[in-house]
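Accompanying notes for the structure given below.
Protein chains in written order, with my numbering: chain X, 1 to 453; chain B, 454 to 906; chain C, 907 to 1359.
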């Protein structure tokens, strides 16, 4: 790990693939006897800062830290924190991370809040779920469970089923499966398909090829042919296209990941006919070696009769969360060492465009849209130059810039104008609208005599 | 204890009388130096799952576990748990009891909820109060205090005073006193008498004989002759009757257990003239050796002047709760061993009638009336065959069955019909109404050719 | 310390000046390695009883106890405590301090509540903030930070800036600065000046001399000449007067203590033009050696740009709170010994007037105005005989008595009547109004033949 520089887990991308595999093996060691590790983090304190309720995630982290021998302090009631007196997230994490606690777990309703916490806290920060952005420890637990069950992740055929539109867990798990080169079959409840943004990122970042899919041997489950898709590991960065006329025939399933209808985010849509896993469903030949996964809590999308089936691993997912989080925290606290290298993004310049003038993240739920501008300027990574697409450094949502300006001449142009293409990369400023450009002091004519870009 | 089978404390009946006495002696040992036991449960985690607020009970359990050297995780705010996302109690305890914690303390507004938790959790469950059903650790603490003060329980004369109708604590304590062969004098605030169901059970299960009582030497306390009763240990299972023309004259009191008016369960009734223990009251000759007990919190039913009287033991009741709970948890976790046998009900078949078809528990507050039928079928114990009375295995409330059917012929009869009496016990099905029987597929005529019961 | 008698920290006055300096040195020792002290309070339990929300203070105490190796139990949600069932504070602290916990930290919305807790609990009580009364551990942390930065406290020039009217922290800090012989410059937001009661007490108890002040070299800060005052250490108990015609010229500042507008206590007043510390402000020559302090949370009264200035110590104030509270709790629990003597008030008779009959504390927020009279009679210290002024033993607010009675004759007089002056001090009773005197059985004529005072 980088000498002296702290590690955080804001996104699953903050760990390299090799590090994740090492953490799995450490988790196995912790799990062998959960009560044998109280010496490891003696004297260490974890703070759980939960600006949004989540008893299950909080208890899992607290249990993990207690089993490591450390202590815990909890601010679980957002309304009674200093936030109600107008304190910024940056101040809160600086105070709690300054002497109160040695590691922070932050859950927050705003997308990108965990990155803000990591930036300002002097101790390691773990993202316990930030809005619709990421929930990386849930994903680690899901991957760990699947890896333990199947002995590998590469090449597995995993069905994602149910409410694929609103489930943050599903999105994160899909990215992680892609990264570990598993294939994904989507089986959404009609109207709750995987969002285009997710499918696009799966194609762009992980080179997944998207086919229509036909899953015929699944009795008693809703969804089906119309909306099913097959996302298979392909060459890196090959753009996905729906090219096949014949849908991919899914004949074998390694795991089905079911999720409840996220009713709290729906606008009252009916969920009649929502998919449901029953004993009969599991008798299907295609499910013979499948594992049934669920992030919990369930409502009624898996029958209670299925609980006793040896292929049901959803309670194990929860159980494995404790040793997995023990491994993660022991690592971030420097109590165990990994021999693998961190991800490249940790060691190298992340290519942030700090001075992006008036460009705001287009995601209204992004933390940069609420926290005071005085301490939190928008930051972006450039995803693509033509047309310019910038990824928010906090919430990862893509914002498109229709206009490009030159910091030298203070003149702006439509992105596809010849003048725009002549501006040196280091000199470029990006704007979503002409109004933004003008508000930042740029003009369509430019400043005389400074056109030196 | 049963080899490898976990022990729970859902009801005070889950401990044998001899085990309780052993736990008292262990509690004495813990109390001798509360801070000397942090090695005993090192590495162990207790989860308090409180679906209903109770700071005092929660703090007592948490303090006990900390003094044993273990850790604790708390889900004290029902509204912020997964319950609000529709999770069942069974799932919650399976998750929290699966790796998060090694022992669960559950408090829940529904009668019988603790039995559900014990059934589904893989770790020991302690009932921290389930609706109007039981609160067994409060009872253990009350008994322990009285035993320490008097050196015995058998034959003591104990006055239960105040709101005897709505106080769950009073009911549980009365059953426990009966089991330990103490005599009970009821001194209710008029209109808040002990419910018939409680008096009936005291007579039926513990053979207590009920007399009218006259308590003349108690100045300044409300209630009195009209409603006072004397319940004395008698031959086992002798049905109680009000046979004496002369009320029993109460001349000596070993303890008076006062309880506040449970105003939160009243329908706005006045509590003017509610009994109140004053210094003057304690000067009465009959109170010379009495101990003043109260489960706390008090409102104004005991004067503050009485606090300094050496006979006042209500703050000791609270204090003794910590070593008592230390002993209980150390036992359930297998950290101390008891030489006594568990109750018979633990070792033997509890005689559950699992397949009782359409019979529902008549108690509307019972957990079986709210949790999803899919995982929680009603279960009963047969109390009595004529007329059929069945005790709910979860909330202990008695439901009467007016109709009995034969599982062979699928024919039902009024319970006292000759045909009903001919059905073999193992073949009987019970119904509260004809509608229930018919909904379960039974008919008054029966199915031809199958009458083989 | 008094043999066997427990120590509490209800007011900063409960520690002698020498003890405070010793605690600072112990805090330095704890701070040198926060994680090296888990043996010190092993087996000890702290309870935080927070009847009013304060996540920051609670977390700081909890962290300090965990770092000392002890455990903690928390009742942070007032609504879910036994208080909602009508329990008195006295009963709550007797229960929690009786076996549950070895030290209590109490936060309560009522002035004087911490003194009640200390009186009834059998274990040490720390005031975590009681209404508008005191918050002594915040003051200890503030003093400790300033002492570490400047190497001394005596003679420092400290500016108190912003909302001086409603900030309890400011008032407590001012008293403490006075006690340690620092000079105070008040720089209020106009309309939010230091209350007369505070200035009066600074003059009366600490002999501070109050001058008008002129602070000319502070660019960009609101407030200023009109309302600024200079309070300088003078001869003890010399009454302060505004005697100088020329305002004191403030030319050097050792620290500026900024506070946010306490909007939750305002009646909707605008805070436009509220003072704000910026980078430019810190460039002023007068600020060269100043430290910028703030109790946090801040809203926008200190620019985020200032955070990185080495003179900004507000995050250190929070950080130093943990070792400071470690030292305090280790001391109160008897785990470290101080060689200094306790304050005189601890060893000697505090001169309480217990039997003050009908006199009520005039402070409507005082705990004696809400808790049941049955257990909490008003108690006062006599501040001054003519006219009679009495300080509430709980909330420290001064109540004036216009009438004085004789306990012998049961006759009362206006305080300045010759008869009043003839009553022996030990025989005097005090009344705010004639109605009070008459309600207590006194008359203007007196009882014949008993005038023996």
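Glycine included, each C-beta is placed from N, C-alpha and C at the ideal position.
C-beta neighbour in chain D for residue i, strict 8 Å
i, result
"residue 1034 of chain C", "Judged by its chain identifiers, the structure shown contains no chain D, and its protein chains are X, B and C."
Beta-bridge pairing of residue i - partner residues as DSSP gives them
i, result
"residue 130 of chain X", "X:108"
"residue 437 of chain X", "According to DSSP, residue 437 of chain X bridges with nothing at all."
"residue 325 of chain X", "Paired residue(s): none; residue 325 of chain X is not in a bridge."
"residue 844 of chain B", "B:834, B:851"
"residue 933 of chain C", "Its beta-bridge partners do not exist; DSSP assigns none."
"residue 647 of chain B", "Paired residues: none, contrary to the question."
"residue 956 of chain C", "C:1013"
"residue 72 of chain X", "X:46"
"residue 1318 of chain C", "C:1311"
Residue i and residue j closer than 8 Å at C-beta
i, j, result
"residue 228 of chain X", "residue 186 of chain X", "yes"
"residue 1019 of chain C", "residue 995 of chain C", "yes"
"residue 313 of chain X", "residue 60 of chain X", "no"
"residue 1317 of chain C", "residue 1336 of chain C", "no"
"residue 393 of chain X", "residue 403 of chain X", "no"
"residue 1232 of chain C", "residue 1051 of chain C", "no"
"residue 123 of chain X", "residue 106 of chain X", "no"
"residue 609 of chain B", "residue 631 of chain B", "no"
"residue 149 of chain X", "residue 291 of chain X", "yes"
"residue 1188 of chain C", "residue 1212 of chain C", "yes"
"residue 361 of chain X", "residue 110 of chain X", "no"
Boundaries (first-last residue) of the alpha helix (DSSP H) holding residue i
i, result
"residue 184 of chain X", "Looking at the DSSP string, residue 184 of chain X is not in any alpha helix (DSSP H); the run it does join, the beta strand (DSSP E), is 183-188."
"residue 949 of chain C", "Where residue 949 of chain C is concerned, there is no enclosing alpha helix (DSSP H), given that its DSSP letter is neither H nor E."
"residue 175 of chain X", "168-179"
"residue 287 of chain X", "Unbroken run through residue 287 of chain X: none, as it is neither H nor E."
Continuous beta strand (DSSP E) stretch holding residue i: start and end
i, result
"residue 1173 of chain C", "Note, residue 1173 of chain C: premise wrong, no beta strand (DSSP E); not H, not E."
"residue 1424 of chain C", "Any property of residue 1424 of chain C remains undetermined from this structure, which presents chain C solely from 907 to 1359."
"residue 881 of chain B", "881-884"
"residue 1116 of chain C", "1114-1120"
"residue 857 of chain B", "856-859"
"residue 1067 of chain C", "1063-1068"
"residue 1139 of chain C", "1135-1139"
"residue 764 of chain B", "That residue, residue 764 of chain B, is in no beta strand (DSSP E); it is neither H nor E in DSSP."
Residue i burial status per 10 Å Cβ neighbour count (16 or more: buried)
i, result
"residue 516 of chain B", "buried"
"residue 1350 of chain C", "exposed"
"residue 549 of chain B", "buried"
"residue 72 of chain X", "buried"
"residue 783 of chain B", "buried"
"residue 1216 of chain C", "exposed"
"residue 308 of chain X", "exposed"
"residue 225 of chain X", "Residue confidence for residue 225 of chain X is low, a pLDDT of 49 falling below 50, so the modelled location carries little weight; the figure read from the coordinates is stated next. Exposed, by the Cβ-count rule."
"residue 742 of chain B", "exposed"
The ligand ATP heavy atom lying under 7 Å from the CB of residue i
i, result
"residue 960 of chain C", "The ligand ATP is absent from the structure shown, which contains no ligands of any kind."
Problem - Residues within the segment 1210-1238 of chain C neighbouring chain X, beta-carbon criterion of under 7 Å - result: 1210, 1221, 1224, 1225, 1228
Exercise for the section: Below 9 Å between beta carbons is the criterion; list the residues of the segment 863-883 of chain B that meet it against any residue of chain X, in chain order. Expected result: none
Handout entry: Where the segment 949-977 of chain C meets chain B: residues whose CB sits under 8 Å from a CB there
Key = Residues 949, 950, 951, 953, 977.
Handout entry: Against chain C: residues of the segment 585-600 of chain B by CB proximity under 7 Å
Key = So nothing in the stretch comes that close.
Exercise for the section: Select from the segment 96-107 of chain X all residues with a C-beta closer than 9 Å to any C-beta belonging to chain C, and list them in chain order. Expected result: Residues passing the 9 Å Cβ filter: 96, 98, 99, 100, 101, 102.
Exercise for the section: Please list the residues of the segment 745-756 of chain B that have a C-beta atom closer than 8 Å to any C-beta atom in chain C, keeping them in chain order. Expected result: 749, 750, 751, 752, 753, 756
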